[in-house]
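A.B. asks: Quick one: structure below, then a few questions.
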Amino acid sequence: NSLTSEALREIASVYTRGNTQKSLPPLQSLSIEHNPIGTGGGALLRAMATAVGTNLTSLHLAGCGLSDVGVAAMSTMFSSNHCNVAYVELMDNNVADEGCIELARTVQSACESGVSVRLRHLGLRHNRISATGASPLVDACAGCGCQRLLLSGNAIGGSDITPLRDSIHNLLVASRSSDNSLDCLDCLDLASCQLTETDMSVLATAFENLPVAVPASTCALEREGERDRERETNRARSLRLSVSTTALSSPLSAKALKERFQSPPSPSPSDAGADAPPGLFSKLVLDNNPFGDNGGIHAATIIRSCPTITSVQLSRCYIGHGTLASVGALLAVHPCLTHLDLSDNSITDAAGCRLIRRLADSHLHSLYLDGNQLSDASGTLLGQVLRNHPSLSILSVRRNNIGYRTYFIHNTL
């Protein structure tokens, strides 16, 4: 769009001049994504967020060209007791380390001064942030009750991430030690951050020696109760098997499959796990990082260290049989893992079969294996193992080599 800082200035003036000319309801959410408000918009946003006539709680500012200068100016709003902003989305704003460091410094200073800062959502995806800028940002999140920290699409990996590791560890410790479950980190998004095998080995240690947030047995009982309710209300559950058209030999086969596998639309992988209970670190996103099979083994170590985690995304990470063996060993013993995305990796049929054999005792609700090297052997084993699986409701195996006859034979649900 074409909303500039001058237009934003006119909008801001309605609220910052005391709201005397018209009786307007308090402004609670401002969404001006993909408008070129530029660096000058930061000060205007700060004025709107702290005005007496507003109750601004969320700012959707993706693609607004704020850069470091605009973010630094906007961040001063957190120093005001009149600021109630809890949701800030700054994706694709050309923000670099300088802007992150200034934002972190302002938030930390406000918290130390006794200002109540509750920044629940902070999105900085697809900017120009390195580990140098990410580390103080994570430190600031530890003091403001951040639940979702989204840093995907930044060049964080490939350098010394030890300070970032320490910051993440301190954030997790603060979350686990908090008396308020709303002040706990729930989601950490590090997809497309150029994390290497070495980076993953360092990152995995951030999740070690954490205080226990909730007994694992409690989480397991909650999940078992959910599965019982699902079995009662969905006795005729259908299994969604997405089939690549390249695996079909004729249009008639595709039509027959469509008739057999009619089911409601399934949620996307990014949505799965979104209903996790607050106060628990539940979602780890590591998609599209080149850390390979050894890095995937370190990811399995993170899963093992977090008994409350419900959702793990490892698509396009070049993982193979080593990661599959490590993750497979966790499926039967992990109390809360319900969503697993392993799409677009190098999973062979043999490695897939070993993982599938572990599914019977897992708590998984959704499993994504798209774009791997699975064939009829894996498809046949899936049919056998999943026949009586108590909880799995979403299975996606698109872009593999599983033939349509395998689907016909094992259409058992």
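According to full-length UniProt numbering, the stretch in the sequence shown is residues 1 to 413, in order.
By construction, the Cβ of each residue, glycine as well, lies at the ideal position given by its N, Cα and C atoms.
#1: If we ignore side chains and look at the alpha-carbon of each, how far apart do Ile402 and Ser346 end up?
#2: Just to confirm the assignment: which complete alpha helix (DSSP H) runs, minimum length 4, are found wholly within the region 141-201?
#3: Take Asn84 and list the residues in its own chain whose beta-carbon comes closer than 7 Å to its own, dropping the five residues that flank it on each side.
#4: Please name the residue in Arg357, Met91, Leu337, Asp160 whose C-alpha comes closest to that of Leu382.
#5: Per the DSSP calculation, Arg128 is bridged to which residue(s)?
#6: How big is the Cα-Cα spacing for Cys317 and Arg304?
#7: Using a 10 Å radius around the Cβ and a threshold of 16 neighbouring Cβ atoms, would you call Gly114 buried or exposed?
#8: Are the beta-carbon atoms belonging to residue 419 and Ala140 less than 8 Å from one another?
#9: When you compare the CB positions of Phe281 and Asp341, do they come within less than 8 Å of one another, or not?
#10: From the DSSP output, which residues share a beta bridge with Tyr368?
#11: Could you check if Asp370 is buried or exposed, using at least 16 other CB atoms within 10 Å of its CB as the buried criterion?
#12: With DSSP run on the structure shown, which of helix, strand or coil describes Ala299?
#13: If you drop the 5 nearest sequence neighbours on each side, which residues of the same chain put their C-beta closer than 8 Å to that of Asn102?
#14: State the CB to CB distance for the pair Ile161 and Asp199, rounded to an integer number of angstroms; the pair is presumed to be in contact (CB under 8 Å).
#15: Among residues of its own chain, excluding the 5 on either side of Leu359, which ones have a beta-carbon nearer than 6 Å to its beta-carbon?
#16: Given a cut-off of 8 Å, decide if Leu203 and Arg176 are closer than it, judged by their beta-carbon atoms.
#17: Consult DSSP for His321 and reduce its assignment to one of helix, strand or coil.
#18: Excluding the 5 residues preceding and the 5 following Gly65 in the sequence, name in chain order all residues of the same chain whose CB lies nearer than 6 Å to its CB.
#19: With three or more beta-carbon pairs closer than 8 Å as the criterion, would you say the region 325-334 touches the region 285-292?
#20: Starting from the Cα of Cys193, find the closest Cα among Tyr404, Leu30, Leu164 and give me that residue.
#21: State the start and end residues of the unbroken beta strand (DSSP E) segment that holds Leu8.
#22: To which residues of the same chain is Gly40 closer than 6 Å at the C-beta, ignoring the five residues directly before and after it?
#23: Exposed or buried, Gln28, counting other C-beta atoms within 10 Å across all chains shown (16 or more means buried)?
#24: Determine which residues share a DSSP beta bridge with His121 and list them.
#25: Excluding the five sequence neighbours on either side, which residues of its own chain have a C-beta within less than 7 Å of the C-beta of Ala110, listed in chain order?
#26: Which of helix, strand or coil does DSSP assign to Val71?
#27: Measuring straight from C-alpha to C-alpha, what distance separates Gly157 and Asp361?
#28: If you check the beta carbons only, do Glu89 and Leu61 fall under 8 Å apart?
#29: Just the Cα atoms here: how many angstroms apart are Asp92 and Ile129?
#30: Look at Arg9 and Leu59 and say whether their C-beta atoms are less than 8 Å apart.
#31: Report, in whole angstroms, the separation of the C-beta atoms of His339 and Ser366, which I expect to be a contact under 8 Å.
#32: Chain D beta carbons: is any one of them nearer than 8 Å to that of Val312?
C.D. replies: If we stick to the structure as given:
#1: 16 Å
#2: 162-177
#3: Asn55, Leu56, Thr57
#4: Arg357
#5: Ala96
#6: 19 Å
#7: exposed
#8: Residue coverage of the chain in this structure runs from 1 to 413, which leaves residue 419 outside it and unanswerable.
#9: no
#10: Asp341, Ser396
#11: buried
#12: helix
#13: At residue 102 the sequence reads Glu, which differs from the Asn that was named. Hits under 8 Å: Asp68, Val71, Ala72, Ser75.
#14: 5 Å
#15: Val385
#16: no
#17: helix
#18: Pro36, Gly38
#19: no
#20: Leu164
#21: From DSSP, Leu8 is part of no beta strand (DSSP E) but of the alpha helix (DSSP H) over 5-16.
#22: Ser5
#23: exposed
#24: Tyr87, Arg148
#25: Phe78, Ser79, Val117
#26: helix
#27: 35 Å
#28: yes
#29: 11 Å
#30: no
#31: 5 Å
#32: In summary, chain D is missing from the structure at hand, where a single protein chain is found.
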